[in-house]
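Novice: Read left to right, the sequence shown gives residues 658 to 820 (our numbering).
Yeah, the Cβ is synthetic: ideal placement off N, Cα and C, and Gly gets one too.
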Amino acid sequence: MIILGSLILICLMLVIGVSVPMSFGAVLLFIALFGGHDVSGFMPTGHWKVSSLVLLAIPLFILAGAIMERGRIAAPLVSLAELMVGNVRGGLSAAAVVASGIFGAISGSAAATLTCIGSIMMPHLRKANYPEGMAAALIVSASPLGLLIPPSSSQILYALTTQ
């Protein structure tokens with residue numbers, strides 16, 4: 658009954674235009690009050706999770722990606738990837754995927770990988786007569802590849818929540 662009530666409450670709040678975080682907070686409060694849970698531990702636990710030093714790694718990963726983009730470290734990285742797989746058929750697209758994997762492993766952020774490798778590889782792919790949509794889809798789909806290689810921001814969040 659509480660689950661049904663909370664689903665109705667969240668749908669109602671979203672329909673009337675309440676923001677998503679406020680809706681989830683109201684549902685959390687609804688479940689806590691009507692489910693017989695003690696609400697006194699919510700704030701200290703939430704504050705501890707947000708103020709953890711582990712979460713500082715995520716913006717620092719994005720900062721590292723931005724520094725690597727501005728420092729032009731990605732251009733030699735793309736050259737290395739082209740050297741590795743550039744001589745095979747479709748080598749430029751494979752080089753984009755390899756460069757995204759390497760850069761993503763270094764930066765730990767898909768957003769930083771997308772901006773950095775995308776800004777370098779898109780002109781190369783345009784020059785090689787790749788369709789604009791295919792080139793963009795290739796880079797966007799290859800950017801999260803680095804998240805599978807530790808340490809990444811998603812793995813840090815997973816480790817923090819399962820701690």
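Name the residue from Ala689, Ala753, Leu717 whose alpha carbon lies nearest to the alpha carbon of proline 733.
Specialist: Comparing Cα positions, the closest option is Ala753.
Novice: Between Leu661, Leu669, Leu710, which has its C-alpha nearest isoleucine 813's C-alpha?
Specialist: Checked all of Leu661, Leu669, Leu710; the closest Cα to isoleucine 813 is Leu710.
Novice: Indicate whether the contact test is met: 3 or more Cβ pairs, each with one atom in the stretch 752-772 and one in the stretch 790-798, closer than 8 Å.
Specialist: These segments touch.
Novice: In angstroms with no decimal places, state the Cα-to-Cα distance between tyrosine 787 and leucine 666.
Specialist: Taking the straight line joining both Cα atoms gives about 49 Å.
Novice: Can you tell me where the alpha helix (DSSP H) with isoleucine 796 in it begins and where it stops?
Specialist: Looking at the DSSP string, the run of the alpha helix (DSSP H) that includes isoleucine 796 is 789-799.
Novice: For isoleucine 833, is the classification buried or exposed, using 16 other Cβ atoms within 10 angstroms of its Cβ as the cut-off for buried?
Specialist: Absent from the structure is residue 833, since the part of the chain shown begins at 658 and ends at 820.
Novice: Can you tell me the Cα-Cα spacing of serine 809 and cysteine 668, whole angstroms?
Specialist: One C-alpha to the other measures close to 34 Å.
Novice: My assumption, with CB atoms under 8 Å, is that glycine 758 sits in contact with glycine 803. Please give the rounded CB distance.
Specialist: With 8 Å as the limit, glycine 758 and glycine 803 qualify as a contact, their Cβ atoms being about 6 Å apart.
Novice: Going by DSSP in three states, arginine 727 sits in which element: helix, strand or coil?
Specialist: In this structure, arginine 727 counts as helix in the three-state DSSP scheme.
Novice: Quick check on leucine 749: buried or exposed, where buried means 16 or more other Cβ atoms within 10 Å of its Cβ?
Specialist: That one is buried.
Novice: With isoleucine 659 and phenylalanine 691 assumed to form a contact (beta carbons below 8 Å), what rounded beta-carbon distance in angstroms separates them?
Specialist: That belief holds up - the Cβ atoms of isoleucine 659 and phenylalanine 691 are roughly 6 Å apart, short of 8 Å.
Novice: I need the DSSP call for isoleucine 777, collapsed to helix, strand or coil.
Specialist: Residue state, collapsed to three classes: helix.
Novice: Where do the ends of the alpha helix (DSSP H) carrying methionine 670 lie?
Specialist: Looking at the DSSP string, the run of the alpha helix (DSSP H) that includes methionine 670 is 659-672.
Novice: Could you check if valine 735 is buried or exposed, using at least 16 other CB atoms within 10 Å of its CB as the buried criterion?
Specialist: Answer is buried; the Cβ neighbour count reaches 16.
Novice: Residues in the same chain with beta-carbon distance under 6 Å from glycine 743, minus the five sequence neighbours each way, listed in chain order, please.
Specialist: Correct list, in chain order: Ala752.
Novice: How close, in whole Å, do the beta carbons of alanine 768 and isoleucine 719 come, if the pair is a contact with beta carbons under 8 Å?
Specialist: Their Cβ separation, rounded to whole angstroms, is 6 Å, which keeps alanine 768 and isoleucine 719 in contact under 8 Å.
Novice: Just the C-alpha distance for alanine 816 and lysine 784, rounded to the nearest angstrom, thanks.
Specialist: Whole-angstrom Cα-Cα distance: 42 Å.
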